[in-house]
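Below: the structure, in structure tokens.
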Amino acid sequence: MKILVVEDEPKTGDYLRQGLIEAGFGVDLARDGLDGLHLGEQGDYDLAILDVMLPRLNGWQLLAALRRTRPDMPVLFLTARDLVEDRVKGLELGADDYLVKPFAFAELLARVRTLLRRGSRSQEPQQLRVADLELDLLRRRALQGGRQIDLTAKEFALLELLLRRTGEVLPRTLIASQIWDMNFDSDSNVIEVAVRRLRAKIDDDFEPKLIRTVRGMGYVLELPPT
Ligand code: CA
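Per our numbering, numbering of the sequence shown is gapless, rising by one per residue and ending at 241.
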């Protein structure tokens, strides 16, 4: 799941980005309205979090412009001003929710998840499953052989990606860009390490083994041929 954050206040922007990444989302951060618009028109975002008071293009102008190309993307507004007319204006322009600063991160995360759930209820599955492995996307929970497995946010995101594309060999470059938001650096073993940890949790003590390494290519999650 990818989120666009547009926030000019450096501390708030960094805090949002960091928190959302730790919660397992991919995040792009723009520091002004115009950059936000460019990103929003090009990227494939599942949700946008917009500050109202922004340089170059304010949050309302940005929302109005974004709605032309992204009519269905859920948008959460952030503002320091708790004025009724701001709220009404934002909602009229097509904001889906509104959060007044300062806010608790847990509150933001709850709103984000609700919006994503609402926006994706019809087309998206809420559980992914292969053999006895089950990933509950709403409760952010993994079960293997009926046992709950504790996963970090990154492990969850990696497993979700593998499960969504069951049977497909996923190159390391793709995994790196989707999960770590980085360009693949062949010297880095971050993906190998993460896959090893994930295997230790979902494959080592269970049969059949689901994650397979395809030498020189990447990783695939599938039922082994019988
Ligand atoms: Ca601002």
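Backbone N, C-alpha and C define an ideal beta-carbon position, used for all residues, glycine too.
*Could you work out which residue in Pro186, Met68 and Gln159 is closest to Val115 when comparing CA atoms only?*
Residue 115 sits at position 100 when you count from the first residue of the sequence shown. Cα-wise, what sits closest to Val115 is Met68.
*Note down, one range per segment and in chain order, each beta strand (DSSP E) of at least 3 residues found wholly within the stretch 35–77.*
41–45 and 62–66
*So which residues touch the region around ligand 1, with touch meaning a C-beta under 6 Å from any heavy atom?*
Asp23, Glu24, Asp66, Met68 and Leu69
*Which residue comes first and which comes last in the alpha helix (DSSP H) that contains Thr181?*
Along the sequence shown, one-based indexing puts residue 181 at 166. First-last for Thr181: undefined, no H or E at that position.
*Of all the beta strand (DSSP E) runs that stay within the bounds of the stretch 101–161, which reach a length of 3 or more residues?*
112–115, 142–145, 148–151 and 156–159
*Does DSSP classify Phe221 as helix, strand or coil?*
Residue 221 sits at position 206 when you count from the first residue of the sequence shown. Coil, per DSSP.
*Extent of the continuous beta strand (DSSP E) to which Leu166 belongs*: Locating residue 166 in the sequence shown gives position 151, where the first residue counts as 1. Per DSSP, Leu166 belongs to no beta strand (DSSP E) and is neither H nor E.
_Does Gly231 come out as helix, strand or coil in the three-state DSSP assignment?_
Here residue 231 corresponds to residue number 216 of the sequence shown, with the count starting at 1. Coil, per DSSP.
*First and last residue of the beta strand (DSSP E) that includes Leu238?*
For this step, residue 238 is matched to residue 223 along the sequence shown. No beta strand (DSSP E) contains Leu238, which DSSP labels as neither H nor E.
*Leaving aside the five residues before and after Arg214 along the sequence, list all residues of the same chain whose C-beta is less than 7 Å from its C-beta, in chain order.*
Here residue 214 refers to the residue found at position 199 when the sequence shown is read from its first residue. Ile226.
*Could you say if the stretch 46–57 and the stretch 162–171 meet the contact criterion of at least three C-beta pairs nearer than 8 Å?*
no
*Under 8 Å by Cβ, that's how I've got Leu185 and Leu177 pegged, so tell me the actual separation to the nearest angstrom.*
Counted from its first residue, the sequence shown places residue 185 at position 170. Counted from its first residue, the sequence shown places residue 177 at position 162. Going by Cβ atoms, the distance from Leu185 to Leu177 rounds to 7 Å, so yes, they are a contact pair.
*Less than 8 Å separating the beta-carbons of Asp66 and Asp23?*
By one-based count along the sequence shown, residue 66 stands at place 51. By one-based count along the sequence shown, residue 23 stands at place 8. The answer is yes: Cβ separation under 8 Å.
*At least 3 beta-carbon pairs within less than 8 Å: the stretch 30–49 vs the stretch 69–88*: yes
*Leaving aside the five residues before and after Trp195 along the sequence, list all residues of the same chain whose C-beta is less than 7 Å from its C-beta, in chain order.*
As a working note, residue 195 is residue 180 in the sequence shown. The answer, listed in chain order, is Val205.
*Count the other CB atoms, across all protein chains shown, that sit within 10 Å of the CB of Leu31; report buried if there are 16 or more and exposed otherwise.*
Here residue 31 refers to the residue found at position 16 of the sequence shown. Leu31 comes out buried.
*Have a look at Ser137 and Lys17 and give me their C-alpha separation to the nearest angstrom.*
Sequence index remark: in the sequence shown, residue 137 carries index 122 (1-based). Sequence index remark: in the sequence shown, residue 17 carries index 2 (1-based). Note that Ser137 has pLDDT 45, beneath the 50 cutoff, so the model's placement of it is unreliable and the number below is only indicative. Between Ser137 and Lys17, the C-alpha separation is close to 18 Å.
*Which residues in the same chain have their Cβ closer than 8 Å to the Cβ of Phe171, if we skip the five residues on either side of it in sequence?*
As a working mapping, residue 171 is identified with position 156 in the sequence shown. Same-chain partners within the cutoff: Gly39, Leu150, Arg155 and Ala157.
*Identity of the residue in Leu174, Leu91 and Leu44 nearest Gln142 by Cα*: Position 127 of the sequence shown holds residue 142. Nearest option by C-alpha distance: Leu174.
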